[in-house]
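K.L.:
Got a structure here, written out as structure tokens. Questions coming.
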Amino acid sequence: MDTILNIKAFLLVAETSSLTTAARQLGVVPSVITKRINRLEDQMRVQLLHRTTRRITLTPEGEMRLPRLRTAVGQLDSIFQDSAASSAEMEEHLRIKSPTTIAILSLGEVLTRFQLANPKISIELVMLDRSVNPVEEGFDIALGALPTSYPGVIDEPLCAYPRVLCAAPSYLARCGEPSHPRDLVQHDCLTFATTGLSWGFESRRGLINVEIKARLSANDSQLLLRAALAGMGIARLARHVAEPALSSGLLVPILADYPVPEFWIKALVPRNRLDRPAVRSFVDALKAHFGHAFGRPHD
0 MDTILNIKAF
10 LLVAETSSLT
20 TAARQLGVVP
30 SVITKRINRL
40 EDQMRVQLLH
50 RTTRRITLTP
60 EGEMRLPRLR
70 TAVGQLDSIF
80 QDSAASSAEM
90 EEHLRIKSPT
100 TIAILSLGEV
110 LTRFQLANPK
120 ISIELVMLDR
130 SVNPVEEGFD
140 IALGALPTSY
150 PGVIDEPLCA
160 YPRVLCAAPS
170 YLARCGEPSH
180 PRDLVQHDCL
190 TFATTGLSWG
200 FESRRGLINV
210 EIKARLSAND
220 SQLLLRAALA
230 GMGIARLARH
240 VAEPALSSGL
250 LVPILADYPV
260 PEFWIKALVP
270 RNRLDRPAVR
280 SFVDALKAHF
290 GHAFGRPHD
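298 is the number that numbering that gives the first Met the number 0 gives to position 299 of the sequence shown; each next residue is one higher, with no gaps.
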């Protein structure tokens, strides 16, 4: 079993290019990772990694052996997982990151159902309104809607996340309604902090990007919704957040000929955790739950 631990340490360092990150994920200190890789190199009689004070890279011998070692460990893990699954329920701990709005509006039901079906799985849910690299920050699954990807991380698409540009009738009566995205430079805008001040719009001639002026920037959709309802400016909101106000006329959709590009809600999963039974099972539960959550099923 020591050899398997040594190989897993090497695979994790090869994936993250960091002794510190690998150690954090395995719950040990970096010196333990170094010792495991040294033992593996002694066993295989080759140098697998180049180590400098600045970075870690694979040697040609390491590059050549990486795929076979990854396959071998995957097969062994699968054998042990099948054996465990046949004799006992899944018993794991999941650390999950989610944006606040998605967590509050959408995750309660799926988390409850999942834990009732899997009583030996514990879950820590962390709400963060920024994109995170789950490898570096120690998450098994990170939910997000920003088009950001990371090395060593698999993007599992869950569902479309349509957005709408809207404002209160009181604001439009006071400041006028824009007829083209470029008119937004003359307006007060309410923006989600992590998406920046460049707003994109679809048109028949391609994507239009406009640098807007933020009267209010926040990382909470409900706060932006309340500001829009108060007539503070034009907001770009997730459609499911704005829908009740749009249906009642408290907010009005604008620039309908220039739709806001859709985001996709996705689960970001470290590649080396995707085959863990609890992770795979929870991702499947997320796909089933979110498949019809915001308007249309995922492909």
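Using N, Cα and C, we set each Cβ at its ideal position, and we do this for glycine too.
(1) Report yes if the C-beta distance between F138 and I95 is below 8 Å; otherwise report no.
(2) CB-CB under 6 Å to S216, same chain, minus the five flanking residues each way: which ones, in chain order?
(3) When you compare only the Cα positions, how much space is there between A241 and Q185?
(4) So, is D256 buried or exposed, given that buried needs 16 or more other C-beta atoms within 10 angstroms?
(5) Three or more C-beta pairs closer than 8 Å, one from the stretch 232-246 and one from the stretch 155-168: is that the case here?
(6) What is the rounded straight-line gap between the Cα of T20 and the Cα of V209?
(7) Are there 16 or more other CB atoms within 10 angstroms of the CB of L115, so buried, or fewer, so exposed?
(8) Report the three-state DSSP secondary structure of K286 (helix, strand or coil).
(9) Look up M126 in the DSSP assignment and say whether it is helix, strand or coil.
(10) Output needed for A226: all residues of its chain with C-beta closer than 6 Å, excluding positions within five of it in sequence on either side, in chain order.
(11) Between D283 and L222, what straight-line distance do the alpha-carbon atoms span, to the nearest angstrom?
(12) If you count every other CB in all the chains shown that lies within 10 Å of the CB of K119, and 16 or more means buried, which is it?
(13) If you follow the beta strand (DSSP E) that V268 is in, where does it begin and where does it stop?
(14) Write down the C-beta distance between L299 and L249 rounded to the nearest angstrom, noting that I regard them as a contact closer than 8 Å.
(15) Given that a residue counts as buried once 16 or more other Cβ atoms are within 10 Å of its Cβ, and exposed if not, what is I233?
(16) Do you know how far the Cα of R44 is from the Cα of S97?
(17) Straight-line CA distance for E155 to A13?
(18) So the beta strand (DSSP E) D154 belongs to, where does it begin and stop?
P.N.:
Reading off the structure:
(1) Your numbering for residue 138 matches position 139 in the sequence shown. Your numbering for residue 95 matches position 96 in the sequence shown. Yes, the pair counts as a contact, with Cβ atoms nearer than the cut-off.
(2) One-based indexing of the sequence shown puts residue 216 at position 217. For S216, where only same-chain residues beyond five positions count, the Cβ hits under 6 Å are T190, A192.
(3) The residue you call residue 241 lines up with position 242 of the sequence shown. The residue you call residue 185 lines up with position 186 of the sequence shown. If I take the Cα positions, the gap works out to 23 Å.
(4) As a working mapping, residue 256 is identified with position 257 in the sequence shown. With fewer than 16 other Cβ atoms inside 10 Å of its own Cβ, D256 counts as exposed.
(5) Contact between the stretch 232-246 and the stretch 155-168 is present, because at least three Cβ pairs lie under 8 Å.
(6) Numbered from 1 along the sequence shown, position 21 holds the residue referred to as residue 20. Numbered from 1 along the sequence shown, position 210 holds the residue referred to as residue 209. Straight-line Cα distance between these residues: approximately 38 Å.
(7) Residue 115 sits at position 116 when you count from the first residue of the sequence shown. Result: exposed.
(8) By one-based count along the sequence shown, residue 286 stands at place 287. Reduced to three states, the DSSP call for K286 is helix.
(9) Residue 126 sits at position 127 when you count from the first residue of the sequence shown. Of the three classes helix, strand and coil, the one that applies to M126 here is strand, per DSSP.
(10) Against the sequence shown, residue 226 aligns to sequence position 227. The answer, listed in chain order, is L189, L215.
(11) Within the sequence shown, numbered from 1, the residue matching residue 283 stands at position 284. Within the sequence shown, numbered from 1, the residue matching residue 222 stands at position 223. Their backbone Cα atoms lie some 31 Å apart in a straight line.
(12) Sequence index remark: in the sequence shown, residue 119 carries index 120 (1-based). With fewer than 16 Cβ atoms within 10 Å of its Cβ, K119 is classed as exposed.
(13) Residue mapping note: residue 268 aligns to position 269 of the sequence shown, counting from 1. 262-269 is the extent of the beta strand (DSSP E) around V268.
(14) This structure cannot settle anything about residue 299, because the visible part of the chain is limited to 0 through 298.
(15) Walking along the sequence shown from the start, residue 233 turns up at place 234. Per the 10 Å Cβ criterion, buried.
(16) Against the sequence shown, residue 97 aligns to sequence position 98. Against the sequence shown, residue 44 aligns to sequence position 45. Rounded to whole angstroms, S97 to R44 spans 44 Å at the Cα level.
(17) To locate residue 155, count along the sequence shown from 1; it is residue 156. To locate residue 13, count along the sequence shown from 1; it is residue 14. Cα to Cα, the separation comes out at about 22 Å.
(18) Looking up residue 154 in the sequence shown gives position 155. That run of the beta strand (DSSP E) goes 152-160.
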